[in-house]
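S.K.: Mind having a look at this structure? Questions to follow.
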Amino acid sequence: MANLPPLSFEFYPPQTQEGVNKLKHTAKELNKYKPDFFSVTFGAGGSTKERTLDAVFELSNSDFNVAPHISCISSSKVEIKELLDQYKSKKINHLVALRGDNPSGAINSGEFNYANELVRFIKLEMGDAFKIDVAAYPEVHPESESAKQDFINFKNKVEAGADSAITQFFFNVDAYFKFIEECQKSSINIPIVPGIMPIYNSKQLIRFANNCGAEIPRWLRFKLEDYADDLDSLREFGVDFISELSETLIQNGVPGIHFYTINYSKTLSKIIKNISQS
Ligand code: FAD
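Following the numbering used here, the numbering of the sequence shown begins with 2 at its first residue and continues without gaps.
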């Protein structure tokens, strides 16, 4: 993978033993590309806390570098501190620190409102025990009142102590490059790693994009709809398109690529093979 920037792969914590076995297989397959780390998501409001811990320890026991996601919404400081202590005791030294989304209908009864407060808390309680990644939104976070305010809020996370950032997925590379330009102008010098979502399934992708505010360009939406019931052709098209997107990012010197895997390795392996040959 000599010509590739550092890669990382995101997993979600499986719900069944079959899912656990699949995750172990996926991790083994993707480990062939020598990733910097695997990350494991944390369900809204702590809903997957135990499963996230299990998946993180399963992976770290297999000697993989793992960065657990921690979301702070609906959590108390005591709960977060306990989690941090658990990770530190297991020699985990990298986190993805997030606010998270409110579980539907739940009232936020926690002690944190935004991710910058979580980053500050981790620094205060744990010093430099963890490298901290935060989320970045080149296409603007969907709840934000304005792009300007969203950028200020992002800067607050960096000033609170974030070491690097991973973006929400996007299909418009210009949005990413503009965001990087804005960071440079504002003296934000941390690495901002693009998050890339391979195309596995049209309906699922459109749903994810609608929820997180990622724009699907008109032409791409039509393609996704055309291929809807033809998974083989969709994935073939998706591999080519995501390979080209990744190549453009690499040619422009991105500091890494973070792939959202949804616990699949096959499609991603084809993309990585393509981009390592280019
Ligand atoms: P924040 O940075 O706190 O921002 C949330 C919103 O609040 C933004 O609109 C921001 O502009 C605004 N804001 C920030 N500070 C203030 C302030 N002081 N006053 C007013 N508004 C403010 N979700 C999960 O539940 N689990 C996961 O594991 C997970 N992993 C993710 C990984 C990545 C790489 C990314 C990009 C997202 C992930 N998400 C995850 C989704 C994320 O939790 C949601 O996008 C969530 O809505 C925002 O989280 P955040 O950490 O970006 O929040």
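Ideal Cβ placement from N, Cα and C applies to all residues, glycine included.
(1) At a threshold of 7 Å, does Phe43 count as lining the ligand FAD (C-beta to nearest heavy atom)?
(2) At 3 residues or longer, and completely inside the stretch 66 to 118: list those beta strand (DSSP E) runs for me, N to C.
(3) Tell me the start and end of each unbroken alpha helix (DSSP H) in the stretch 44 to 69 that is at least 4 residues and wholly inside, in chain order.
(4) Using the Cβ count rule (16 or more neighbours within 10 Å means buried), how would you classify Ile153?
(5) Measuring alpha carbon to alpha carbon, tell me which of Phe178, Ala98, Val174 and Glu126 ends up nearest Glu163.
(6) Would you mind working out which of Phe58, Phe65, Asn66 and Asp64 sits nearest Leu84, comparing C-alpha positions?
(7) Tell me whether Leu246, by its Cβ, gets closer than 7 Å to a heavy atom of the ligand FAD.
(8) Can you list, in chain order, the residues of its chain with a C-beta nearer than 6 Å to that of Tyr115? Leave out the 5 residues immediately preceding and following it.
(9) Just the C-alpha distance for Met127 and Lys224, rounded to the nearest angstrom, thanks.
(10) Is Gln16 near the ligand FAD, with its Cβ less than 7 Å from a heavy atom?
(11) Which word fits Gln205, buried or exposed, when buried means at least 16 other C-beta atoms lie within 10 angstroms of its C-beta?
(12) Can we count Val57 as close to the ligand FAD, meaning its CB is less than 7 Å from some heavy atom?
(13) What does the alpha-carbon distance come out to for the pair Gln16 and Lys29?
(14) Tell me the residue span of the beta strand (DSSP E) that contains Ala136.
(15) Beta-carbon separation of Ile243 and Tyr201 under 8 Å?
(16) Cutting at 7 Å between CB atoms, please list the residues of its own chain near Phe170, excluding the five before and the five after it.
(17) Is the distance from the Cβ of Ile43 to the Cβ of His95 below 8 Å?
(18) Taking the CB atoms as reference points, tell me whether Ile81 and Phe122 lie closer together than 8 Å.
(19) Return the CA-CA distance between Ala136 and Ala166, expressed in angstroms with no decimal places.
(20) Output needed for Ile191: all residues of its chain with C-beta closer than 7 Å, excluding positions within five of it in sequence on either side, in chain order.
(21) Can you check DSSP and say which residues form a bridge with His259?
(22) So Phe39 is in the beta strand (DSSP E); what residue range does that whole segment cover?
(23) Below 8 Å, can you find three or more Cβ-Cβ pairs linking the stretch 130 to 148 to the stretch 177 to 187?
(24) Would you call the CB atoms of Tyr228 and Ser203 closer than 8 Å?
(25) Compute the Euclidean distance between the alpha carbons of Ala148 and Ser48, then round it to the nearest angstrom.
(26) With a threshold of 6 Å on Cβ separation, who are the neighbours of Val21 within its own chain once the five nearest residues in sequence on each side are excluded?
(27) Apart from the five residues on each side of it in sequence, which residues of its chain come closer than 8 Å, Cβ to Cβ, to Leu269?
(28) Counting along the chain, where does the alpha helix (DSSP H) carrying Thr249 start and finish?
M.R.: A quick look at the data gives this:
(1) Within the sequence shown, residue 43 is the residue found at index 42, counting from 1. For the ligand FAD, at least one heavy atom lies less than 7 Å from the Cβ of Phe43.
(2) 67 to 72 and 95 to 99
(3) 50 to 62
(4) By 1-based counting over the sequence shown, the position of residue 153 is 152. Around the Cβ of Ile153, a 10 Å sphere holds fewer than 16 other Cβ atoms; the residue is exposed.
(5) For this step, residue 163 is matched to residue 162 along the sequence shown. Glu is not the amino acid found at residue 163; the sequence shown has Ala there. That would be Ala98, whose Cα lies nearest to the Cα of Ala163.
(6) Here the question's residue 84 lines up with position 83 in the sequence shown. Selected option, being the one with the closest Cα: Phe58.
(7) For the purposes of this step, residue 246 is taken as residue 245 along the sequence shown, with counting starting at 1. It does not: the Cβ of Leu246 is nowhere closer than 7 Å to a heavy atom of the ligand FAD.
(8) As a working mapping, residue 115 is identified with position 114 in the sequence shown. The residues are Arg100.
(9) Taking the first residue of the sequence shown as position 1, residue 127 is located at position 126. Taking the first residue of the sequence shown as position 1, residue 224 is located at position 223. Distance between the alpha carbons of Met127 and Lys224: 48 Å.
(10) Taking the first residue of the sequence shown as position 1, residue 16 is located at position 15. Result no, Cβ not under 7 Å from the ligand FAD.
(11) Looking up residue 205 in the sequence shown gives position 204. Gln205 should be labelled exposed.
(12) Counting from 1 along the sequence shown, the entry for residue 57 is found at position 56. Answer for Val57: no, Cβ out of range of the ligand FAD.
(13) Reading the sequence shown from its first residue, position 15 is the one you call residue 16. Reading the sequence shown from its first residue, position 28 is the one you call residue 29. In a straight line, the C-alpha of Gln16 is about 19 Å away from that of Lys29.
(14) To locate residue 136, count along the sequence shown from 1; it is residue 135. Looking at the DSSP string, the run of the beta strand (DSSP E) that includes Ala136 is Lys132 to Ala137.
(15) The count along the sequence shown starts at 1 and reaches residue 243 at position 242. The count along the sequence shown starts at 1 and reaches residue 201 at position 200. No.
(16) For the purposes of this step, residue 170 is taken as the residue at position 169 of the sequence shown. Once the five neighbours on either side are set aside, the close Cβ partners of Phe170 are Gly196, Ile197, Met198, Ala215 and Tyr261.
(17) Counted from its first residue, the sequence shown places residue 43 at position 42. Counted from its first residue, the sequence shown places residue 95 at position 94. Residue identity differs from the one stated: residue 43 is Phe in this sequence, not Ile. Contact: no.
(18) Translated into the one-based positions of the sequence shown, residue 81 becomes position 80. Translated into the one-based positions of the sequence shown, residue 122 becomes position 121. Cβ distance < 8 Å, so Ile81 and Phe122 count as in contact.
(19) Walking along the sequence shown from the start, residue 136 turns up at place 135. Walking along the sequence shown from the start, residue 166 turns up at place 165. When rounded, the distance between both Cα atoms is 6 Å.
(20) Position 190 of the sequence shown, counting from 1, holds the residue named residue 191. Cβ within range, chain order: Val159, Ala163, Asp164, Ser165 and Ala166.
(21) By one-based count along the sequence shown, residue 259 stands at place 258. Answer is Ser9 and Gly196.
(22) Position 38 of the sequence shown holds residue 39. That run of the beta strand (DSSP E) goes Phe38 to Val41.
(23) yes
(24) Numbered from 1 along the sequence shown, position 227 holds the residue referred to as residue 228. Numbered from 1 along the sequence shown, position 202 holds the residue referred to as residue 203. Against a cut-off of 8 Å, the Cβ pair of Ser203 and Tyr228 comes out as a contact.
(25) Your numbering for residue 148 matches position 147 in the sequence shown. Your numbering for residue 48 matches position 47 in the sequence shown. Computed Cα separation, rounded: 30 Å.
(26) What you label residue 21 is simply residue 20 of the sequence shown in a count that begins at 1. Only Pro15 meet the Cβ criterion.
(27) Start at 1 with the first residue of the sequence shown, and residue 269 comes out as number 268. Cβ neighbours of Leu269 beyond the five flanking positions: Phe10, Leu31, Pro199, Phe260 and Thr262.
(28) Against the sequence shown, residue 249 aligns to sequence position 248. Segment Leu232 to Gln252, the alpha helix (DSSP H) holding Thr249.
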